[in-house]
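Peer 1: Handing you a structure now.
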């Protein structure tokens, strides 16, 4: 190596370092990452305590990573490199056929499943009204034909069978209905939820157990509200080479009132916030699925104007948000409780709100992993 | 702080280089000492005290040894060496092996956490508040205690002069490039460089090149292939297949080699950037044709250390045959347990002790006549079995894993999981297998001066860009459930 060439290599390396130091120093820190949907680490405060405990140092390393210049670009770059290297997944998300990204589903913790189911059974015994249990299989199951060859994938049917065998409650076979339509766009390709179409088939599957006559699909007018939806799986995968999803609605929202209610421990409303069946302001944000009912809330009450119809309580996860529009035709009120935020006893709510039917509706991954079922009482 | 983090590469390294080269030559060791201490304190600030203590004690011992020798007081010099060795071993023993020993003998209430609590209470009576948690194992303690031990011994043996300047000596003890993962550098190999070293563009550029190679080995190969081993280590034994368990252990073998040799490369590269020349630590170990050869190529600095400071003092090979066997077993037991406070490492060390003895006294003649391919198969077979002993620390899991490798676990030859992981990891494993042979180096040397000069900067920048993707992605941690 000649002196001149050595100087060139030295200069190049030091140039790369200087450039990145300067770029990182000059770009302002970000508070929030849209794409990761989380607050980014901020510069930690230096105190004697944080220094001695070492938390300053570890926080600082996280801060440097989180605030790294062009962070999203590097993250996407890693997913590309993984694909070039022949990987079929990144960050637990499979690269699937038809541009779909599917979160892998591994064998669930059997204890947790049995404990969660026990809570549902005990709750059903404690209330006077009929309780129905529905579990929604996800992409990894219904779209298993799109997964990479031989991809490890726990069969969600085993969970459904286990649940059906270990409860006296009526269970809903959502799997068969979804399987019959697996070639349609019943799930988002970039998000973990079902589409409005998928939710419609869910609504059809629930009809017998909940005792209503489903409206035929042909009677709705499909409206495409967004063509640029990139969901949660898009975020977690780091994959940036897939096309965005389309979001549709079927049911008109006229005459439907949605309130998000915060209650005290005796279910007396403290704060009531008006919401909409479709909050289109979310369509301008990353988190577009929150268009349905305005996103997460502890307790929602949907009033439909069909005053002669019964009242339904759904204990649920976010899959229900896009199902509710279809149910509005058959109920006077639909109450939605999310156990993550709703911790008071729901059995007393059933009495207090005059509920006629209860539906427990979860996706299989959420039902098998949610730690909030102890609040179901 | 690890070298393979965005923080080190884009934050600490620029500070180190700027501070080091902006300082006049005479003060560079002092600056380097400060930078070393910050580097070390970054992980666990309390342990900076160990660095001070080690430096002070070994420095003093070195001076005493030299003084005694000058006066012809060999007994005094020996006592000083013994005292220094005892101090270093006690340090290593207390932090690394104490809890293990307590557990092994079933002693309760004397774990390091208990001792720390008592110490904490005692300090509080003086009004000094210590951090509330028990500090973990000091990073790199196995490496730097061996380096400081070598110092007094080298001085006693006349292989090195005692260091006059405590700052220079502190710089040696705490030298950050090889502080936490080696290579283990003997004082006699570095002493002169601590006092005086050249800083040339050639050396710096060679360092840059070497560091980049090491970074790629660690970030692109080791971390990636390591995920495959993690999967197989976590696989319930009844789901292990014959081919799957071999794939898993092969993944571990590649991960360990690229992790460790990548770290050594980064250390050697950083050393050169700061004007040092460290000795090599790896020499394509997986191309070995015997286990003896493997240990000449694997973690060379550790093998040399044990040879010079344990095997030879025990009498080397100039002893009776039975004593030689005993010596070899002692050396290999020590080599094994050095790797970690767990029985499986001892077993792994003794496994090599026995195999090397067998090879030395019986197999060597057969091997010499065997075809080359058979020698490779023989060496790799025993190396991989060795890695199973090394990697599966839990004995309850080790037996079933070995059983699965030989088809005694009932999991079948393969399953669909194996096919999936094979397809996913085949390209990267193929790259890794090729990269563990001298093939790349041979091609590079064949390339000719001019094409090399064009290729080098392009490859270097490309590797740095790709590594940056992986380093930044390390905290990619989307928070999805609650807000969606």
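Chains as they are written, first to last, in this note's numbering: chain A, 1 to 377; chain B, 1001 to 1484.
We put the beta carbon where it would ideally sit given N, CA and C, even for glycine.
In this text, all values refer to a predicted model and were calculated from it rather than measured experimentally.
Could you please give the first and the last residue of the uninterrupted beta strand (DSSP E) stretch that includes residue 335(A)?
Peer 2: Start and end: 333 to 337.
Peer 1: Taking C-beta pairs closer than 9 Å, name the residues in chain B that residue 452(A) reaches, listed in chain order.
Peer 2: Lying outside 1 to 377, the shown extent of chain A, residue 452(A) is not represented and no answer is given.
Peer 1: Using only alpha-carbon positions, find the residue among 1126(B), 1275(B), 1458(B) that is nearest to residue 16(A).
Peer 2: Cα-wise, what sits closest to residue 16(A) is 1458(B).
Peer 1: For residue 1253(B) versus residue 1387(B), is the C-beta spacing smaller than 8 Å?
Peer 2: Yes, the pair counts as a contact, with Cβ atoms nearer than the cut-off.
Peer 1: Give a yes or no on whether the C-beta atoms belonging to residue 1156(B) and residue 1034(B) are separated by under 8 Å.
Peer 2: No, the Cβ-Cβ distance between residue 1156(B) and residue 1034(B) is not below 8 Å.
Peer 1: Within a Cβ cutoff of 6 Å, which residues of the same chain sit near residue 1181(B), ignoring the five residues on either side of it in sequence?
Peer 2: For residue 1181(B), where only same-chain residues beyond five positions count, the Cβ hits under 6 Å are 1263.
Peer 1: Alpha carbon to alpha carbon, how far is residue 1185(B) from residue 1278(B)?
Peer 2: Each residue's Cα considered, the two are about 7 Å apart.
Peer 1: In whole angstroms, give me the CA-to-CA distance for residue 1332(B) and residue 1357(B).
Peer 2: Their backbone Cα atoms lie some 11 Å apart in a straight line.
Peer 1: So residue 1169(B) and residue 1055(B) are supposed to be a Cβ contact under 8 Å. How far apart are they, rounded?
Peer 2: Right, their Cβ atoms sit about 6 Å apart.
Peer 1: Name, going along the chain, the residues of the region 1446 to 1472 of chain B whose beta-carbon falls closer than 8 Å to a beta-carbon of chain A.
Peer 2: So the list reads 1453, 1456, 1457, 1460, 1461, 1464, 1465, 1466, 1468, 1469, 1470, 1471, 1472, given in the order they occur along the chain.
Peer 1: Can you say whether residue 339(A) is buried or exposed, counting buried as having 16 or more other CB atoms within 10 angstroms of its CB?
Peer 2: So residue 339(A) ends up on the buried side.
Peer 1: Counting C-beta neighbours from all protein chains within 10 Å, is the total for residue 1266(B) 16 or more, i.e. buried, or is it exposed?
Peer 2: Buried, by the Cβ-count rule.
Peer 1: Please go through the same chain and pick out, in chain order, the residues whose beta-carbon is closer than 7 Å to the beta-carbon of residue 251(A), but skip the five residues on each side of it.
Peer 2: Only 220, 325, 326, 328 meet the Cβ criterion.
Peer 1: Entirely within the region 1273 to 1341 of chain B and at least 4 residues each: give me those alpha helix (DSSP H) ranges in chain order.
Peer 2: Counting whole runs of 4 or more residues, the region 1273 to 1341 of chain B contains the alpha helix (DSSP H) stretches 1291 to 1297, 1300 to 1306, 1321 to 1338.
Peer 1: Is there a C-beta anywhere in chain B that falls below 8 Å from the one on residue 5(A)?
Peer 2: Chain B contact via Cβ: present.
Peer 1: So what does residue 303(A) bridge to, in DSSP terms?
Peer 2: Residue 303(A) pairs with 257(A), 333(A).
Peer 1: Which same chain residues, not among the five before or five after residue 1043(B), have their C-beta less than 6 Å away from its C-beta?
Peer 2: Closer than 6 Å at Cβ, skipping near neighbours: 1139.
Peer 1: Do residue 1051(B) and residue 1171(B) have their CB atoms nearer than 8 Å?
Peer 2: No. Outside cutoff.
Peer 1: Look up residue 311(A) in the DSSP assignment and give the residues it is bridged to.
Peer 2: DSSP output for residue 311(A) lists 333(A) as bridge partner(s).
Peer 1: To which residues of the same chain is residue 1275(B) closer than 7 Å at the C-beta, ignoring the five residues directly before and after it?
Peer 2: So the qualifying residues of the chain are 1197, 1198, 1199, 1203.
Peer 1: Residue 59(A): which of 214(A), 46(A), 70(A) sits nearest, CA to CA?
Peer 2: Minimum Cα distance to residue 59(A) is reached at 46(A).
Peer 1: Just the chain A side, please: which residues come within less than 7 Å of residue 1177(B) by C-beta, in chain order?
Peer 2: By Cβ distance, chain A contributes nothing, its closest Cβ being about 16 Å from residue 1177(B), past 7 Å.
Peer 1: For residue 34(A), count neighbouring Cβ atoms within 10 angstroms of its own Cβ and tell me buried if that reaches 16, exposed if not.
Peer 2: Counting Cβ neighbours within 10 Å, residue 34(A) comes out exposed, since fewer than 16 surround it.
Peer 1: Taking the straight line between their C-alpha atoms, what separation do you get for residue 1005(B) and residue 355(A)?
Peer 2: Taking the straight line from one Cα to the other gives about 56 Å.
Peer 1: Are there 16 or more other CB atoms within 10 angstroms of the CB of residue 1482(B), so buried, or fewer, so exposed?
Peer 2: Its pLDDT being 35, under 50, residue 1482(B) is placed unreliably by the model, and the measurement read from it follows with that caveat. Its Cβ having fewer than 16 others within 10 Å, residue 1482(B) is exposed.
Peer 1: Could you work out which residue in 288(A), 1(A), 71(A) is closest to residue 29(A) when comparing CA atoms only?
Peer 2: When each option's Cα is compared against that of residue 29(A), the closest is 71(A).
Peer 1: Do you know offhand how far residue 343(A)'s Cα is from residue 322(A)'s?
Peer 2: C-alpha separation (whole angstroms): 23 Å.
Peer 1: Using a beta-carbon distance cut-off of less than 9 Å, what residues from the region 198 to 229 of chain A approach chain B?
Peer 2: For the region 198 to 229 of chain A, which is checked against every Cβ of chain B, not one residue is closer than 9 Å.
Peer 1: Which chain A residues sit within Cβ distance under 9 Å of residue 1014(B)?
Peer 2: Ordered by position in chain A, the residues that pass the 9 Å Cβ test against residue 1014(B) are 14, 17, 18, 20, 21.
Peer 1: Can you tell me which residues form a DSSP beta bridge with residue 269(A)?
Peer 2: Note: residue 269(A) sits in a beta bridge opposite 263(A).
Peer 1: If we count the other Cβ atoms within 10 Å of its Cβ and call it buried at 16 or more, is residue 1094(B) buried or exposed?
Peer 2: The residue in question, residue 1094(B), is exposed, as its Cβ has fewer than 16 Cβ neighbours within 10 Å.
Peer 1: Excluding the 5 residues preceding and the 5 following residue 200(A) in the sequence, name in chain order all residues of the same chain whose CB lies nearer than 7 Å to its CB.
Peer 2: If we look at residue 200(A) and ignore the five residues flanking it on each side, its Cβ neighbours are 217, 250, 326.
Peer 1: Does the beta carbon of residue 1099(B) sit closer than 8 Å to a beta carbon anywhere in chain A?
Peer 2: Residue 1099(B) does not count as touching chain A.
Peer 1: Please report the straight-line C-alpha distance between residue 13(A) and residue 1208(B), rounded to a whole angstrom.
Peer 2: C-alpha separation (whole angstroms): 7 Å.
Peer 1: Is the region 1220 to 1232 of chain B in contact with the region 1244 to 1259 of chain B, if contact means three or more CB pairs nearer than 8 Å?
Peer 2: With a cut-off of 8 Å, the region 1244 to 1259 of chain B and the region 1220 to 1232 of chain B count as touching, because enough Cβ pairs lie within range.
Peer 1: Using only alpha-carbon positions, find the residue among 301(A), 283(A), 242(A) that is nearest to residue 98(A).
Peer 2: The candidate whose alpha carbon is nearest that of residue 98(A) is 242(A).
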